[in-house]
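To start, the structure under review is shown below, and the notes come after it.
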Amino acid sequence: MSHVHIPDGIIPFYLWLPGYILTFVIIYFVIKRSSNEQIKRVLPFTGIAAALMLIGMSVPLIIIPVHISLAVLTGILIGPKMAFLVVFVVSMILAMFGHGGITIVGLNTLVIGSEVFIGAMLFKKLAKNNLVIGTSIATVIALIVSMSMMVAIIGTYAGFAEVLPHEAVEHVEEEHLDEGDHDDSDLTEAVSEINYLAFSGWVALIMIVVVGVGLETLITVLIIRYFYKVRPDLIETVHGFTT
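Count along the sequence shown from 1, add 4, and you get the number used in the numbering used here.
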């Protein structure tokens, strides 16, 4: 849900450049600390996870004007380290297809990557006692953190109006993307134009967020339950526990 779609030229270099640097530093340590055995064990599922993320992040849902990332699901299934690599590859591919600029890939990787690490960490701690509850809490918290990061990045440098789901806004004006051409009136006007089901304004925005988080959480829980029934060894090996 937290994929940044801003084109090149909006986010200043002193923000996107550190994003790339930090991303490559994390990738370096991920590769360095991953054994060949770990990589071979999850490699078959890595391609599947990448494909699912590509579909989820590029195809809009019919019932709600947002995308799902399935990043928490990926982090749980193949582990946060390999999942972070998947997030980087998926973000780069999406950028090449016009889903955000190339310069934003580093920041996108960090934002979505936060879901991977936070979700997997919380799952490991909470799912020992109850798989469904643990997965649900891990997913919700991870999504909230990543959305907060996205709002902070986009809102500060492109205007908080650009954080809104544009598919739900009746009229999206391109001039909102102009740096320095955003204020509280832009946000108020943009929010007032949001419509979802029978709701509008802030209520519609809250509904979109709640339904989006709830839907991604439900999908994650159902897939994790299925995998734990057919391949419990996969989750147990990655996280080192038996539920």
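The beta-carbon is built from N, C-alpha and C at its ideal position, and this holds for glycine as well.
Could you spell out where the alpha helix (DSSP H) holding D237 opens and where it closes?
P236 to H243
Nonlocal neighbours in the same chain, by C-beta distance under 7 angstroms from T50, ignoring five residues either side
I82, M86 and V90
Within this structure, are the beta carbons of V120 and A75 separated by less than 7 angstroms?
yes
Contacting residues, own chain, Cβ-Cβ under 7 angstroms from T143 (five flanking each side not counted)
V76, G123, E220, T221 and T224
Under a Cβ-count criterion, where at least 16 other Cβ atoms within 10 Å of its own Cβ denotes burial, should S152 be classed as buried or exposed?
exposed
If you reduce the DSSP assignment to three classes, tell me which class L65 lands in.
coil
For I148, which residues from the same chain have a beta carbon less than 8 angstroms from its beta carbon, with the 5 sequence-adjacent residues on both sides left out?
V217
Threshold first: 4 residues or longer. Then list the alpha helix (DSSP H) segments lying entirely within the stretch 104-150, N to C.
109-130
With a threshold of 16 other CB atoms inside 10 Å of the CB of T160, please say whether the residue is buried or exposed.
exposed
Enumerate, from N- to C-terminal direction, the unbroken alpha helix (DSSP H) stretches of 4 or more residues contained entirely within the stretch 7-79.
17-36 and 40-62
Judging by CA-CA distance, which residue of H7, I10, P16 and G244 is the nearest neighbour of K132?
G244
Hey, is the stretch 60-73 in contact with the stretch 12-23, meaning 3+ C-beta pairs nearer than 8 angstroms?
no
With 16 other Cβ atoms within 10 Å as the buried cut-off, status of L47
exposed
Measure the alpha-carbon distance for I10 versus G79 and round it to whole angstroms.
25 angstroms
The alpha helix (DSSP H) that contains F92, what's its start and end?
P84 to M100
Using a 10 Å radius around the Cβ and a threshold of 16 neighbouring Cβ atoms, would you call K128 buried or exposed?
buried
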